[in-house]
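Peer 1: Residue numbers (the working numbering), protein chains in the order written: chain A, 962 to 1451; chain B, 962 to 1451.
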């Protein structure tokens, strides 16, 4: 529908973004926050028309899209507040000690923006992780211009959101080039964006293959740049014996809902359920099968994702000693995903790396362990994850310290007695995790700490007060928290 | 002198470090801090013997080595205090809101250690950036075991420091494997360490070639890991016209001392001095030549560094339109570096990338610009730097905003009216900078914020209070600063 932006156009856009960087990075926290809030207002103002376009393009139901837009607006507003609060600047001041030998100069440090950030829109979140989504909002808060490459699966939605952003740019008197919207279905567009000398960081949410490719291009540049790719996770759930004895059937119902939520198209979908092979697991499995049976089939985001789901699920089911255990009885229409639960043994799982891969969609693999010590052994075969979950009593937690320790090392968020789907947008959220969940476990993409991905520290030594950024000046006109001579103060 | 540690031994050591990680990462902040302080005590207790060994190996004068050990002890103690203060944990708490729809769970986040960290000892800092240096201290504070590869140029010093650390390990009842000392002059040792599956991060201070090689190995792993390599910087100094009119001669004297300090073997050595071609620059140059003339030659760290200095200096001097302008008149002994100042035009510099490279040693290249606008143009040809310096009056600063903006983007520390040599160990220090100064501009290697290189965030969702790490428990028994419901509290 939209032709790929040409390499020449990309070059012009990046030059404009670079120029905009000089101006935008000097906007005050207040001005940046007001700009972000103006984008939120425009998103709201895009009204039903925007929801209609998204429904046509994505197969996502209306309620979900309305919720997702509301979440996107919440993100913009709450990250704007965090931007203004300024904690992320990590302002540090060490005052001069002239009579020290040698004299200690006055040194002040704060975070400064990296430069233009390229954001790749996500297929599964047309609003919240696309054009005006979390990566864009946090990069703008940091003081970085943003270049968004629309996801081809919802290019019109992206185009409409871009219009809303560009209106906010104009109305807020922000520099031309602070936001750029680009189309591109080809490999070359992504490569040109990542390799461009003015690109200083990359945000991406999607497949392992896509994210790893961007990462490799970025690391092979003459000047390597950070890539924040959120890629693949099977979000293991550990069913501990005490809890299973108490609530096997309830857990099964809770998980049938979590596995099938949004046709399983969430990064935090519970793709692996690990239990002890005993009578309680049988109760769990029976309840799970019963809960899965009546689940409706759901239309997946686009044909590519549907085909992938069918193929990857088939691959898993074709492995030795893997059994298709429960399948929803719905008759699927075109591009509809059917909730499917497979089952295998821990032995088999540990010996077959294909079973460790994510099957993106409403699918989960149950693993039967002989005992808790095999469950612990199994953790050595798991890669980095966005989330891990324990269904456990306090007694279970007391008795399984080694398992807790092992699982902590694997994940970015550790849930007890809940489901991994449902990602709260708040400061304490870590949406990220060890590789291959993301390319950089030290940062996350949800919550205001995600701003920190796009900044670096700069020290100012011996600067006259009036030339310092406001946030570091003696009088603290921005009223932010700062660490002065090793002590936090406001 | 010491044979290379074999690949088999490295494998055993890494397995031990991995096991130690499970135990060490659970030590309280207080216990880690006490352990670090015990190392400091042992370093002091190593007494004159340690200084003697270092003098024999490094050619560094006694006073410098005593100072450097004192600095290393200060680092260990001050990073231990910072470890205990716990600001670096970035504890965030969002309390549950059960009546929200859907209910908001209790989520708590803090930094957790990455895992075993491999540290490569630096040639130019046998204490402060080697075995018990800044990388080791910050990794231990973070809760990571450390594997140090001794720099072959001071392997005996490193061995003696390792003994001191290992005594502290035993006396503090720290787990076996929390610290490992390894020798290796070969390429293969470094490669095996960086590529080992249990290595989770790498610290390095040294040449661009060395650091970039480690970075590439690390990024090409199946699971890429962060590499903090502090590599090369020419630390440009901009002489602005107002300041030059007022103090050309004083600046020259200040810089002759800075260029030759420590035989120029500091990462922050001012290797590039950029001025406007006018009468004040002539005064500056005359004074510089006069100040350089009587400077004694100094023995360099080791033959390799000396040979490199001679070769790289010769390369620069062999370029068209580069003139050797001032050379100290000392008669050098074996391996002694002679302070040398060369001069060229901005035009020539911009057209010849060889002139942009670091010449490690007591060398500086003066660049004559036609005017301020050529000085601004020149910044586009500079790569990332650890530091940049302005010699400037307030008037100069007012009149050169564009130049200030351009230079900010290049460096990690921006000094006004000072010299870049002399790196204060304090929280506000940024010792790092855009590539190729380091491989990751988002972090630095001096000051307690360097701890952040070796940690990642982990969210705890819906955990019973008593199972949470102390730092996240309701009662805040560690008494650290935490952000609770978006508000900083103690």
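Using N, Cα and C, we set each Cβ at its ideal position, and we do this for glycine too. Predicted model only: the values in this text are computed from it and were never measured.
Can you tell me whether residue 1197 of chain A is helix, strand or coil according to DSSP?
Peer 2: One-based indexing of the first chain puts residue 1197 of chain A at position 236. Residue 1197 of chain A: strand per DSSP, three-state reduction.
Peer 1: Check whether the Cβ of residue 1435 of chain A lies closer than 7 Å to any Cβ atom in chain B.
Peer 2: The residue you call residue 1435 of chain A lines up with position 474 of the first chain. False, the Cβ-Cβ gap to chain B never drops below 7 Å.
Peer 1: Are the beta-carbon atoms belonging to residue 1104 of chain B and residue 978 of chain B less than 7 Å from one another?
Peer 2: The residue labelled residue 1104 of chain B in the question sits at position 143 within the second chain. The residue labelled residue 978 of chain B in the question sits at position 17 within the second chain. The answer is no: Cβ separation not under 7 Å.
Peer 1: Below 8 Å between beta carbons is the criterion; list the residues of the region 969-994 of chain A that meet it against any residue of chain B, in chain order.
Peer 2: Listed by position along the chain: 983, 987.
Peer 1: Residue 1158 of chain A: which of A:1124, A:1086, A:1282, A:1078 sits nearest, CA to CA?
Peer 2: Against the first chain, residue 1158 of chain A aligns to sequence position 197. Among A:1124, A:1086, A:1282, A:1078, the Cα nearest to that of residue 1158 of chain A belongs to A:1078.
Peer 1: Apart from the five residues on each side of it in sequence, which residues of its chain come closer than 6 Å, Cβ to Cβ, to residue 1392 of chain A?
Peer 2: For this step, residue 1392 of chain A is matched to residue 431 along the first chain. Excluding sequence neighbours, residue 1392 of chain A sits near 1384, 1405, 1406, 1407.
Peer 1: Please name the residue in B:1330, B:1155, B:962, B:1022 whose C-alpha comes closest to that of residue 1260 of chain B.
Peer 2: As a first step, residue 1260 of chain B must be located in the second chain, where it is residue number 299. Comparing Cα positions, the closest option is B:1022.
Peer 1: Given a threshold of 16 other Cβ atoms within 10 Å of its Cβ, counted over all protein chains shown, does residue 1440 of chain A qualify as buried or as exposed?
Peer 2: As a working note, residue 1440 of chain A is residue 479 in the first chain. By the neighbour-count rule (16 or more Cβ atoms within 10 Å), residue 1440 of chain A is not buried but exposed.
Peer 1: For chain B, find out if any of its Cβ atoms is closer than 7 Å to the Cβ of residue 1378 of chain A; answer yes or no.
Peer 2: Position 417 of the first chain, counting from 1, holds the residue named residue 1378 of chain A. So, interface residue.
Peer 1: Tell me, which residues are paired with residue 1326 of chain A by DSSP?
Peer 2: Position 365 of the first chain, counted from the start, is the residue given in the question as residue 1326 of chain A. Beta-bridge pairing links residue 1326 of chain A to A:1233, A:1303.
Peer 1: Smallest Cα separation from residue 976 of chain A: which of A:1443, A:1160, A:962, A:1102?
Peer 2: Within the first chain, residue 976 of chain A is the residue found at index 15, counting from 1. Cα-wise, what sits closest to residue 976 of chain A is A:1160.
Peer 1: Chain B partners of residue 1180 of chain A, CB-CB under 7 Å?
Peer 2: Taking the first chain and counting its residues from 1, the one referred to as residue 1180 of chain A is at position 219. Result: 1180.
Peer 1: Using only alpha-carbon positions, find the residue among A:1396, A:1395, A:1388, A:1351 that is nearest to residue 1378 of chain A.
Peer 2: If you number the first chain from 1, residue 1378 of chain A lands on position 417. Taking only the C-alpha atoms, the option nearest residue 1378 of chain A is A:1351.
Peer 1: For residue 1155 of chain B, which option in B:1400, B:1140, B:1009, B:1081 has the closest C-alpha, if you only look at C-alpha atoms?
Peer 2: What you label residue 1155 of chain B is simply residue 194 of the second chain in a count that begins at 1. Nearest C-alpha to residue 1155 of chain B: B:1081.
Peer 1: Run through chain A and tell me which residues come within less than 7 Å of residue 1355 of chain B, C-beta to C-beta.
Peer 2: For the purposes of this step, residue 1355 of chain B is identified with residue 394 of the second chain, where counting begins at 1. Within chain A, the residues near residue 1355 of chain B are 1425.
Peer 1: Kindly identify the DSSP beta-bridge partner or partners of residue 1448 of chain A.
Peer 2: On the first chain, residue 1448 of chain A is found 487 positions in, with the first residue counted as 1. Residue 1448 of chain A pairs with A:1445.
Peer 1: Is residue 1375 of chain B buried or exposed, if buried means 16 or more other CB atoms sit within 10 Å of its CB?
Peer 2: Residue numbering aside, residue 1375 of chain B sits at position 414 when the second chain is read from its first letter. Buried.
Peer 1: Using C-beta distances below 6 Å, list every residue in its chain close to residue 1246 of chain B, excluding the 5 sequence neighbours before and after it, in chain order.
Peer 2: Residue 1246 of chain B sits at position 285 when you count from the first residue of the second chain. Excluding positions up to five away in sequence, the list is empty.
Peer 1: By the three-class DSSP mapping on this structure, what secondary structure does residue 1164 of chain B have?
Peer 2: On the second chain, residue 1164 of chain B is found 203 positions in, with the first residue counted as 1. It is a strand residue.
Peer 1: Can you give me the C-alpha to C-alpha distance between residue 1253 of chain B and residue 1301 of chain B, rounded to a whole angstrom?
Peer 2: The count along the second chain starts at 1 and reaches residue 1253 of chain B at position 292. The count along the second chain starts at 1 and reaches residue 1301 of chain B at position 340. Cα-Cα distance, rounded: 8 Å.
Peer 1: State the start and end residues of the unbroken beta strand (DSSP E) segment that holds residue 1072 of chain A.
Peer 2: Counting from one through the first chain, the residue named residue 1072 of chain A turns up at place 111. Per DSSP, residue 1072 of chain A belongs to the beta strand (DSSP E) from 1068-1074.
Peer 1: Figure out for me which residue from B:1032, B:1312, B:1362 has the closest Cα to the Cα of residue 1339 of chain B.
Peer 2: Position 378 of the second chain, counting from 1, holds the residue named residue 1339 of chain B. The residue with the shortest Cα to Cα distance from residue 1339 of chain B is B:1312.
Peer 1: What do you get for residue 962 of chain A, buried or exposed, if any count of 16 or more other CB atoms within 10 angstroms of its CB means buried?
Peer 2: One-based indexing of the first chain puts residue 962 of chain A at position 1. Classification of residue 962 of chain A: exposed, given that the 10 Å Cβ count is below 16.
Peer 1: Counting beta carbon pairs with one atom in the region 1200-1215 of chain B and one in the region 1169-1185 of chain B, are three or more of them shorter than 8 Å?
Peer 2: Output reads no: the region 1200-1215 of chain B does not touch the region 1169-1185 of chain B.
Peer 1: Are residue 1270 of chain A and residue 1322 of chain A touching if we call contact CB-CB under 7 Å?
Peer 2: For the purposes of this step, residue 1270 of chain A is identified with residue 309 of the first chain, where counting begins at 1. For the purposes of this step, residue 1322 of chain A is identified with residue 361 of the first chain, where counting begins at 1. In this structure, residue 1322 of chain A lies closer than 7 Å to residue 1270 of chain A by Cβ.
Peer 1: So residue 1371 of chain B and residue 1395 of chain B are supposed to be a Cβ contact under 8 Å. How far apart are they, rounded?
Peer 2: Counting from 1 along the second chain, the entry for residue 1371 of chain B is found at position 410. Counting from 1 along the second chain, the entry for residue 1395 of chain B is found at position 434. Between residue 1395 of chain B and residue 1371 of chain B the Cβ distance is about 6 Å, and since that is below 8 Å, they are a contact.
Peer 1: Spell out whether any CB of chain B is found under 7 Å from the CB atom of residue 1068 of chain A.
Peer 2: Looking up residue 1068 of chain A in the first chain gives position 107. It does; some Cβ of chain B falls within 7 Å.
Peer 1: Along chain A, which residues have their Cβ under 9 Å away from the Cβ of residue 1065 of chain B?
Peer 2: One-based indexing of the second chain puts residue 1065 of chain B at position 104. 1385, 1387, listed in chain order.
Peer 1: Are any of the Cβ atoms in chain A nearer than 7 Å to that of residue 1049 of chain B?
Peer 2: Position 88 of the second chain, counted from the start, is the residue given in the question as residue 1049 of chain B. No, no contact with chain A.
Peer 1: Quick check: residue 1459 of chain B and residue 1434 of chain B, are their CB atoms within less than 7 Å of each other?
Peer 2: For residue 1459 of chain B there is no data in the structure shown, the boundaries of chain B being 962 and 1451.
Peer 1: Using 7 Å as the limit for Cβ to Cβ distance, is residue 1449 of chain B near chain A?
Peer 2: Counting from 1 along the second chain, the entry for residue 1449 of chain B is found at position 488. Yes, contact with chain A.
Peer 1: With 7 Å set as the bound, which would you pick, yes or no: does the beta-carbon of residue 1352 of chain B sit closer than that to a beta-carbon of chain A?
Peer 2: Along the second chain, read from residue 1 onward, the residue named residue 1352 of chain B stands at position 391. For residue 1352 of chain B, the answer is no, since every Cβ of chain A falls outside 7 Å of its Cβ.
Peer 1: Would residue 1050 of chain A and residue 1071 of chain A be called neighbours here (beta carbons separated by less than 7 Å)?
Peer 2: As a working mapping, residue 1050 of chain A is identified with position 89 in the first chain. As a working mapping, residue 1071 of chain A is identified with position 110 in the first chain. Against a cut-off of 7 Å, the Cβ pair of residue 1071 of chain A and residue 1050 of chain A comes out as a contact.
Peer 1: Assess, as a yes-or-no matter, whether the region 1413-1426 of chain A is touched by the region 1090-1108 of chain B under the definition of 3 or more beta carbon pairs within less than 8 Å.
Peer 2: Segments in contact, no.
Peer 1: Are the C-beta of residue 1202 of chain B and some C-beta of chain A separated by less than 7 Å?
Peer 2: If you number the second chain from 1, residue 1202 of chain B lands on position 241. Taking Cβ atoms only, chain A never reaches closer than 7 Å to residue 1202 of chain B, which makes this a no.
Peer 1: Using a Cβ-Cβ cut-off of 7 Å, state whether residue 1184 of chain A counts as contacting chain B.
Peer 2: For the purposes of this step, residue 1184 of chain A is taken as residue 223 along the first chain, with counting starting at 1. It does; some Cβ of chain B falls within 7 Å.
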